[in-house]
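Engineer:
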Amino acid sequence: MRDPNGQRVRRTTVAAIAVVGFAACSSTQGATRIEDSVLPTQLEAKDGPSVPTAPSSAVQLVDVVKGLALAADQSVVVVDVRTPAEFAEGHLDRAELVDFNDAEFREQIAQFDRSATYLVYCHSGNRSGQATAIMAELGFANVYDLDGGIGAWQAAGAPIVK
0 MRDPNGQRVR RTTVAAIAVV GFAACSSTQG ATRIEDSVLP TQLEAKDGPS VPTAPSSAVQ
60 LVDVVKGLAL AADQSVVVVD VRTPAEFAEG HLDRAELVDF NDAEFREQIA QFDRSATYLV
120 YCHSGNRSGQ ATAIMAELGF ANVYDLDGGI GAWQAAGAPI VK
């Protein structure tokens with residue numbers, strides 16, 4: 000199959016869309032999330048490379064409801080990977096600032112206890128996704144990435160501190 004520009008459309012794209020559609024149409028009590036389903040970490044395509052479909056097992060994407068429960072647990076370390084200016088505008092209670100844009104981010108996060116449990120967030124989920132991937136590479140075992148970041152948190156009416 001070819002797109003309007005004459006490029007080949009890979010079967011994995013179609014398979015990934017089908018999986019997302021199936022997950023979105025689930026009528027169970029809770030919404031089925033791809034990262035929570037029992038899918039292999041990659042879909043294999045006969046005509047191309049495999050495509051990642053789920054985060055590392057060390058990192059789990061969580062919604063605001065699960066994020067609230069994690070943030071309320073005093074044993075969970077809350078990590079804000081936004082800039083100091085963004086942090087000053089408001090952050091989750093007990094959050095520790097580790098600026099993802101800092102050239103020393105990897106070295107700073109490597110100082111943390113790899114066996115602890117972490118809830119990591121940014122503004123929308125982009126930087127936290129990158130940060131949690133680095134944490135997984137470094138051997139952190141229990142990392143939760145807040146889906147939608149503090150934007151989703153605030154939209155849900157969850158509390159922030161200034």
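First residue of the sequence shown: 0, per numbering that gives the first Met the number 0; consecutive thereafter.
Ideal placement from N, C-alpha and C gives every residue a C-beta, glycine not left out.
#1: What did DSSP end up calling Val-75 once you bin it into helix, strand or coil?
#2: Determine the closest residue to Ser-74 out of Val-142, Ala-155 and Glu-88, with distance taken between C-alpha atoms.
#3: Taking Ala-135 as the reference, which of Arg-113, His-90, Lys-161 and Asp-92 has the closest Cα?
#4: Which of the three DSSP states, helix, strand or coil, is assigned to Glu-103?
#5: Taking the straight line between their C-alpha atoms, what separation do you get for Leu-38 and Leu-69?
#6: Quick one, which of Thr-82, Ala-109, Gln-110 and Arg-93 has its alpha-carbon nearest Asp-101's?
#7: Tell me, please, whether the CB atom of Ala-132 is closer than 8 Å to any CB atom in chain D?
#8: I need the DSSP call for Val-160, collapsed to helix, strand or coil.
#9: Mapping the DSSP letters down to three states, classify Thr-82 as helix, strand or coil.
#10: Are the beta-carbon atoms belonging to Tyr-117 and Leu-145 less than 8 Å from one another?
#11: Could you pull the DSSP bridge partners for Gln-59 from this structure?
#12: Check whether the Cβ atoms of Leu-91 and Ile-133 lie closer than 8 Å to each other.
#13: Rounded to whole angstroms, what's the CA-CA distance from Gly-128 to Lys-161? Just pull it up for me.
#14: Quick check on DSSP: helix, strand or coil for Leu-118?
#15: So what's Leu-137 in DSSP terms, helix, strand or just coil?
#16: Roughly how many angstroms separate the alpha carbons of Ile-149 and Asp-62, rounded to a whole number?
#17: In three-state DSSP terms, what is Leu-67?
Structural biologist: Considering the structure as presented:
#1: The answer is strand: DSSP assigns Val-75 an E or B state.
#2: Nearest C-alpha to Ser-74: Val-142.
#3: For Ala-135, the nearest C-alpha among the options comes from Arg-113.
#4: Three-state result, Glu-103: coil.
#5: In this prediction, Leu-38 scores a pLDDT of 29, lower than 50, which makes its location untrustworthy; the coordinate-derived value is nonetheless stated afterwards. Their Cα atoms are separated by approximately 25 Å.
#6: Here the closest residue by C-alpha is Thr-82.
#7: Looking at the structure shown, chain D is missing, and only one protein chain is on hand.
#8: Strand.
#9: In this structure, Thr-82 counts as coil in the three-state DSSP scheme.
#10: No.
#11: Answer is Tyr-143.
#12: No, Cβ-Cβ distance for Leu-91 and Ile-133 is not below 8 Å.
#13: Computed Cα separation, rounded: 24 Å.
#14: Strand.
#15: Judged by DSSP in its simplified three-state form, Leu-137 adopts coil rather than helix or strand.
#16: Between Ile-149 and Asp-62, the C-alpha separation is close to 11 Å.
#17: In this structure, DSSP gives Leu-67 a helical state, which the three-state scheme calls helix.
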